[in-house]
């Protein structure tokens with residue numbers, strides 16, 4: 001069972017799924033069509049086929065109100081997420097709720113045992129930014145394979161959770177999986193970490209091949225102009241390697257928190273529709289990407305406090 005199979009299972013229960021190979025209502029298979037907002041710029045590579053497939057779907061009478069990306073490990077998820085988040089026409093109709101990556105647990109554990117790595121490039125990037133990692137054939141792992149796989153996945157992905165499935169999904173398992181994935185609202189709520197409390201993490205998963213995850217928090221009220229300036233600096237300094245930016249800011253004078261999400265050279269801020277962390281004056285930031293400097297990011301974030 002790969003991403004296409006998972007999309008088929010989820011579509012049975014919920015017709016609000018987009019995959020890298022688009023299987024939207026009334027559409028056949030559309031091959032990847034890649035464009036760039038700025039010619040030759042890797043930061044702004046877009047999946048035009050995903051944008052087109054979603055736009056045609058939202059124009060239908062029964063349009064989707066939520067979007068989930070379901071992909072295989074080797075899909076360029078950063079470009080797909082960028083495409084969904086940054087297209088202004090598309091975002092008037094839909095929003096990104098969650099990202100699921102499907103991997104073969106046995107094949108991945110075998111690769112780790114042989115090479116010490118789950119892969120490189122987009123393989124690791126997709127795992128790092130995912131909200132859910134779906135492990136198929138998990139029950140076929142040896143004890144050693146299980147330990148090696150979970151250790152590496154814990155290092156790579158700090159923000160997500162894991163689900164396990166067998167060779168085939170029973171109707172009960174399919175229903176449970178559909179509820180778990182389609183219940184996500186991961187890109188539009190308070191930044192969360194899947195396996196433990198939020199904390200400042202320096203060096204999680206840091207190797208030449210792996211992205212790192214930086215988690216920041218503070219309780220002092222923030223200055224709106226300082227937050228905007230800091231976000232601009234983050235994008236300017238880290239944009240090419242930024243896989244996920246998600247934040248909630250308790251800004252002085254605002255009753256509701258300001259939220260932000262982004263990837264690569266794109267970030268958007270918006271006012272939350274309900275109070276959460278701001279009730280306690282707490283601000284939270286999660287950054288996933290390559291070349292992140294924890295000390296620089298932490299000091300810059302600290303400077304956004306009201307003086």
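Numbering (the numbering used here), first residue to last: 1 to 307. Backbone N, C-alpha and C define an ideal beta-carbon position, used for all residues, glycine too.
- Taking a C-beta distance under 8 Å as the contact criterion, residue 109 and residue 160 do not qualify as a contact pair.
- Only residues of its own chain outside the window of five on either side were considered, and among them 289, 291, 292 have a CB closer than 7 Å to the CB of residue 238, listed in chain order.
- Where residue 300 is concerned, the enclosing alpha helix (DSSP H) starts and stops at 294-302.
- Judged by their CB atoms, residue 73 and residue 120 are not nearer to each other than the 8 Å cut-off.
- When Cβ pairs closer than 8 Å are counted between the two stretches, the region 74-94 is seen to touch the region 39-47, the count reaching three or more.
- DSSP, read as helix, strand or coil, puts residue 136 in strand.
- Residue 107 counts as exposed, since fewer than 16 other beta carbons sit within 10 angstroms of its beta carbon.
- In this structure, residue 297 places its C-beta atom within 8 Å of the C-beta atom of residue 214.
- Nearest in C-alpha terms to residue 244, of all of 185, 131, 40, 104, is 131.
- Taking a C-beta distance under 8 Å as the contact criterion, residue 212 and residue 250 do not qualify as a contact pair.
- For residue 87, there is no enclosing alpha helix (DSSP H), as DSSP marks it with neither H nor E.
- Sixteen is the threshold: when 16 or more other Cβ atoms of the shown chains lie within 10 Å of the Cβ of residue 261, as they do, the residue is buried.
- With respect to residue 254, residue 188 sits apart: the two C-beta atoms are not nearer than 8 Å.
- Exclusion of the five residues before and after residue 287 leaves 214, 245 as the residues of its chain whose Cβ lies within less than 6 Å of its Cβ.
- Secondary structure of residue 111 (DSSP, three-state): helix.
- Take the alpha-carbon of residue 112 and the one of residue 123: they are about 13 Å apart.
- Here DSSP, grouped into helix, strand and coil, assigns residue 158 to coil.
- DSSP, reduced to helix, strand and coil, places residue 261 within a strand of the structure shown.
- Residues of the same chain with a CB within less than 8 Å of the CB of residue 141, apart from the 5 flanking positions on each side, are 105, 106, 109, 149 in chain order.
- Note on geometry: alpha-carbon atoms of residue 157 and residue 82 lie some 19 Å from one another.
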